[in-house]
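In our numbering, the protein residues as written are 10 to 453. For glycine and all other residues, C-beta sits at the position ideal for the given N, C-alpha and C. Since this is a predicted model, take the numbers as computed values, not measurements.
Next comes the structure, spelled out in C-alpha cells:
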C-alpha cells in the first residue's frame, strides 16, 4: 500500500475519509483514494465514473443529471440512480408557499389559483362573500322587487296615467341598472385588491387574515376603484359610440342609411372584439401593479403595458384558458340551481304566468326565481372572480420573474426572514424601497 493511500488530513480520523465521489482533487494534488499500484489497470469502484473508453459496469453510478458522460463513454442501461444527497447537483428552487420561486410553467399557473382557495379559505371565500356576493344579492333582490312593483303599477294603472307610469318604470329600471353596475364595480375592485395581496403573500409562505390584508391595501383602494370605473367607462363610451353611429344612420330612413348602419354595426362589432382582447390583455396587470408596487394609476397602466410586451400571446392564452375552465365549472354548478328556481316559480304561480296576469302571485314568482338565481350566481361568480384574479396575479409575478429576476428577490426575502434579517417588501422596485420595512412585512 502506498503512502498516498494512508494519507489523512490533519485532525481527521479514518472514519472521516471522503466519499468516493466527494469532489475533484485540488490543483497540483493527486487523488488520495482508489489509485492502483503503478502498472496496473485502474478498476472502477462503486460510485466512480468509468475512464475513457470503458463501458459502465453494473452498479456504477451514472453521471449526475444534466451532465454528459466523458468523451468516448456510452451511457449504460439499468444503472441505478445516485442516492439522494450522494452527489452535489441541481436542486429544485424553494417553494415556501403557493408556488415554486422560479419562472412558472403552465401547470403551476393553472393549479395555483385553485390552491389559493384551499390554502386560505377564510380570506378567499370569506372575502368573496363579504365583498361581492352579499352586496350583489341585496341589490339584485331589491332591484327585482322594485321592478316587479313598477310593472304591477303600469299594468293596473288607468289608461290616462300610462305615459307617466311607463316613464317612471323606465327611470326606475335605469336607476337599478346603474346602481347594480356601480356596486358591482366598487366591491369587485376591493375583492381584486384583497386577492392580489393574498396571492403575493402566500407565494412567500405567509398566511394573513382578512384584517391584515385589508390594512395592506387600504391606501390603494381609491386607485383600484378609480381604475376599475375608468376602464369600464371607457368601454361603455366605445360601445355607445358605435351604437350611436348605427342608430343615426338608421334614422336617416334611406336605403343608403340602412346599408351604412348595417355595415357600421358589423364592422364596428368585429373591430371591437380584437381591440378588447388586446387592451384587456395589455392592461391586465394594472391592479397588481397598483397594490404590490403601490404605483399611481397612470404609472400602473404604463407598468402593465411594459410587463406584457413580448409576452402578449402567452398572457392572453393563459387568461383565456383559466376563463374557459372557470366558466365550465360555474355553469356546471349554476345550471341545476337555475332549473330549481324555475320550478319554484312555477310552484308559486302555476297559472298566472301563463295567462299574463299581474299581482301578488307574479311578484312572488319573480322574487323566488330571482332570489335563488341571484344567490347562486353571486356566490359562484365571486369564487370565479377569485380564481381569475389569482391567476392574473400569478401571471404578474411570473412576468416579473422572467423579465426582472423577481424570483431571486423572493428567495433572498425568504432566506433573510428565516435567518432573522431585516427584510423589505420584495415586490417593490428598488427605486421605491422605503428606508424601513414596508407596512405588513416583518422587520426580522
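Cβ neighbour criterion (16 or more within 10 Å) applied to residue i
i, result
"residue 218", "exposed"
"residue 314", "exposed"
"residue 133", "buried"
"residue 172", "exposed"
"residue 422", "buried"
"residue 170", "exposed"
"residue 165", "exposed"
"residue 331", "buried"
"residue 176", "exposed"
"residue 298", "buried"
"residue 198", "buried"
"residue 226", "buried"
"residue 153", "buried"
"residue 168", "exposed"
"residue 14", "At residue 14, the pLDDT of 43 sits below 50, so the modelled position is not reliable and the matter cannot be decided from this model."
Reference residue i, options the options, closest by Cα
i, options, result
"residue 290", "113, 207, 240", "240"
"residue 104", "436, 428, 425, 419", "419"
"residue 231", "196, 417, 272", "196"
"residue 349", "382, 333, 337", "382"
"residue 282", "164, 179, 251", "251"
"residue 190", "234, 161, 211, 157", "234"
"residue 151", "346, 338, 188", "188"
"residue 114", "408, 426, 427, 429", "408"
"residue 144", "304, 318, 194, 238", "194"
"residue 320", "162, 292, 338, 238", "292"
"residue 179", "192, 167, 162", "162"
"residue 184", "167, 155, 198", "155"
"residue 131", "338, 157, 216", "216"
Length of the line joining the Cα atoms of residue i and residue j
i, j, result
"residue 323", "residue 121", "17 Å"
"residue 264", "residue 248", "24 Å"
"residue 414", "residue 129", "27 Å"
"residue 431", "residue 204", "26 Å"
"residue 309", "residue 294", "8 Å"
"residue 340", "residue 385", "11 Å"
"residue 424", "residue 207", "20 Å"
"residue 275", "residue 125", "41 Å"
"residue 396", "residue 221", "21 Å"
"residue 286", "residue 259", "29 Å"
"residue 433", "residue 246", "42 Å"
"residue 242", "residue 256", "20 Å"
"residue 277", "residue 261", "19 Å"
"residue 317", "residue 284", "16 Å"
"residue 116", "residue 123", "12 Å"
"residue 224", "residue 426", "21 Å"
"residue 139", "residue 127", "18 Å"
"residue 446", "residue 238", "Interpretation of residue 446 is limited by its pLDDT of 48, a score under 50 that renders its predicted location unreliable; the figure taken from the coordinates is listed afterwards. Whole-angstrom Cα-Cα distance: 32 Å."
"residue 347", "residue 329", "25 Å"
"residue 253", "residue 304", "36 Å"
"residue 266", "residue 273", "10 Å"
"residue 337", "residue 345", "13 Å"
"residue 269", "residue 157", "39 Å"
"residue 174", "residue 192", "27 Å"
"residue 428", "residue 325", "39 Å"
Cβ pair residue i, residue j closer than 8 Å
i, j, result
"residue 280", "residue 402", "no"
"residue 296", "residue 228", "no"
"residue 327", "residue 404", "yes"
"residue 302", "residue 435", "no"
"residue 300", "residue 393", "no"
"residue 110", "residue 416", "yes"
For residue j and residue i, believed in contact at Cβ under 8 Å, the rounded distance
i, j, result
"residue 9", "residue 244", "Lying before the first or after the last residue shown, residue 9 is absent from the chain, which here runs from 10 to 453."
"residue 312", "residue 112", "Rounded, the Cβ-Cβ distance is 19 Å, inconsistent with contact."
"residue 159", "residue 186", "Not quite, the Cβ-Cβ distance comes to about 13 Å (not below 8 Å), so this is no contact."
"residue 149", "residue 200", "Not a contact, Cβ separation roughly 17 Å."
"residue 142", "residue 391", "5 Å"
"residue 108", "residue 387", "Going by Cβ atoms, the distance from residue 108 to residue 387 rounds to 29 Å, so no, they are not a contact pair."
"residue 343", "residue 389", "5 Å"
"residue 214", "residue 106", "4 Å"
"residue 406", "residue 212", "6 Å"
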